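Below is one structure, written out as structure tokens; comments come after it.
2 protein chains.
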Amino acid sequence: MYQRKTPEDLECGITIAMKVFGAKWKPCLLDAIQRGFRRPSEMHREIKGATPRVLDMQLRELETSGIVEKCQSAGFPLYTEYTLTDLGRTIMPIIDRINEWGLQYKELIAEGSPQSISL
Amino acid sequence: MYQRKTPEDLECGITIAMKVFGAKWKPCLLDAIQRGFRRPSEMHREIKGATPRVLDMQLRELETSGIVEKCQSAGFPLYTEYTLTDLGRTIMPIIDRINEWGLQYKELIAEGSPQSISL
DNA sequence: CTCAATACCGAATAATTTTTCGGTTACCGA
DNA sequence: TCGGTAACCGAAAAATTATTCGGTATTGAG
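From first to last, the protein sequence lines are chains A and B.
2 is the number of the first residue of the first sequence in the working numbering; add one for each residue after it.
2 is the number of the first residue of the second sequence in the working numbering; add one for each residue after it.
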């Protein structure tokens, strides 16, 4: 298992929050769950650009952090559903605002942004 | 200059927002500016754990994105100040909530979080 | 002229995260 | 038994991001 080498400031709220839901696809996963895509296969289809593998991994981390909960029912075909926990629901207003901010200001940002070279 | 290789979904608000202020030290920098640490040397002292180099780089990116503004006055010693732009101020409520969330739930997260192995 | 302070930048390297690829298991239907 | 769907996992490789190290420039004091 991977061992982190650089220390982290776990007193810093930003650092903690970013660890929990700041990974590349975590906010998208949480948003997808909120919009009703609860099954892994649905999320795989919904979130273009992410490989199923990374979604599985980040979903598992969200579960381990107590943000989402897995409900699996035996049967065919396999049926697994992820839902937000109470803790997970406390994050959603933040994700929503991040999303709104991005949509609201995207034109303003696009020109001149150093990271937008790849457009 | 670095050329991105994996495509990005620039219609997704989350992706856009994360590009603008989601880098490792950007929220900390913005928070520091808000708390009154406006000079690079102050931020270097304030934000432990980050190297001056990365703070300089991320500050420059924030400037290029139009989130902060640089005011430099000739004189001795060199005096540079970064302040939030109007656009930058629209981000602060989000950063504040991220920070609050992290502080509020840190104990809840700590146990069992996959990323907290390095504690 | 040399030194210290402030604000930077470039390039190589290291650290971290994401992707790619190829599995596994369980089950049903033909 | 073979093929197909769903949900996963491990390991290596690639991509991305951050760090380290060693510079530059300006200015004023000694």
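A virtual CB, placed ideally from N, CA and C, is assigned to each residue, including glycine.
Please read all numbers here as calculations on a predicted model, not as lab measurements.
Best match in the options for proximity to residue i [C-alpha to C-alpha]
i        : options                                   : result
B/Asp-57 : B/Ala-75, B/Lys-25, B/Asp-87 and B/Leu-88 : B/Lys-25
B/Val-55 : B/Gly-14, B/Lys-27 and B/Thr-91           : B/Lys-27
B/Glu-64 : B/Thr-84, B/Thr-52 and B/Ala-51           : B/Thr-84
B/Leu-88 : B/Val-21, B/Leu-11, B/Gly-14 and B/Pro-53 : B/Val-21
B/Glu-82 : B/Lys-71, B/Arg-46 and B/Leu-60           : B/Lys-71
B/Thr-7  : A/Thr-7, A/Thr-52, A/Gln-73 and A/Arg-61  : A/Thr-52
B/Gln-59 : B/Gln-35, B/Arg-36, B/Gly-23 and B/Thr-86 : B/Gly-23
A/Asp-97 : A/Arg-36, A/Thr-86 and A/Leu-11           : A/Arg-36
A/Ile-48 : B/Arg-90, B/Glu-12 and B/Leu-109          : B/Glu-12
Straight-line gap, residue i to residue j (C-alpha atoms, nearest Å)
i         : j        : result
B/Gly-66  : B/Phe-38 : For the sequence presented, residue 66 of chain B should be read as Ser rather than Gly. Each residue's alpha carbon lies about 20 Å from the other.
A/Pro-94  : B/Arg-40 : 32 Å
B/Gly-113 : B/Ile-17 : Only weak support exists for where B/Gly-113 lies, its pLDDT of 48 falling under 50; the coordinates are left without a value.
B/Ile-68  : A/Leu-79 : 47 Å
A/Met-2   : B/Gln-73 : 47 Å
B/Arg-90  : B/Arg-46 : 23 Å
A/Ser-42  : B/Arg-5  : 28 Å
Same chain, Cβ closer than 8 Å to residue i, five either side skipped, listed in chain order
i         : result
B/Gly-76  : none
B/Gln-116 : Its pLDDT being 44, under 50, B/Gln-116 is placed unreliably by the model, and nothing is read from it.
B/Leu-109 : none
B/Glu-62  : Ala-24 and Lys-27
B/Met-19  : none
Neighbourhood of residue i by C-beta distance below 7 Å, restricted to the same chain and skipping five residues each side
i         : result
B/Met-44  : Leu-30, Ala-33, Phe-38 and Leu-56
A/Glu-9   : Thr-16
A/Tyr-106 : none
B/Thr-86  : Gly-67, Ile-68, Val-69 and Glu-70
Sub-8 Å separation of residue i and residue j beta-carbons
i         : j         : result
B/Leu-166 : A/Gly-14  : Absent from the model: residue 166 of chain B. The displayed extent of chain B is 2 to 120, so no value can be given.
A/Ile-99  : B/Trp-102 : no
Cutoff 6 Å; reference residue i; Cβ partners in own chain excluding five residues on either side
i         : result
A/Leu-120 : The predicted model places A/Leu-120 with a pLDDT of 24, which falls under 50 and marks its position as unreliable; any figure quoted below should be read in that light. For A/Leu-120, where only same-chain residues beyond five positions count, there are no Cβ hits under 6 Å.
Compile a chain-ordered list of the residues in the segment 90-109 of chain A whose CB is closer than 9 Å to at least one CB of chain B.
Residues of the segment 90-109 of chain A with a C-beta atom less than 9 Å from some C-beta of chain B are Thr-91, Ile-92, Pro-94, Ile-95, Ile-96, Arg-98, Ile-99, Asn-100, Glu-101, Trp-102, Gly-103, Leu-104, Gln-105, Tyr-106, Lys-107 and Leu-109, listed in chain order.
If contact means a Cβ-Cβ distance below 8 Å, which residues of the segment 29-54 of chain A contact chain B?
Here the close residues are Cys-29, Asp-32, Lys-49 and Gly-50.
Residues in the segment 54-67 of chain B with C-beta within 9 Å of chain A's C-beta atoms, listed in sequence order?
Listed by position, the residues of the segment 54-67 of chain B near chain A (Cβ gap below 9 Å) are Arg-61, Glu-62, Thr-65, Ser-66 and Gly-67.
At a Cβ cut of 9 Å, what residues of the segment 73-92 of chain A count as close to chain B, listed as they run along the chain?
Listed by position along the chain: Leu-88, Thr-91 and Ile-92.
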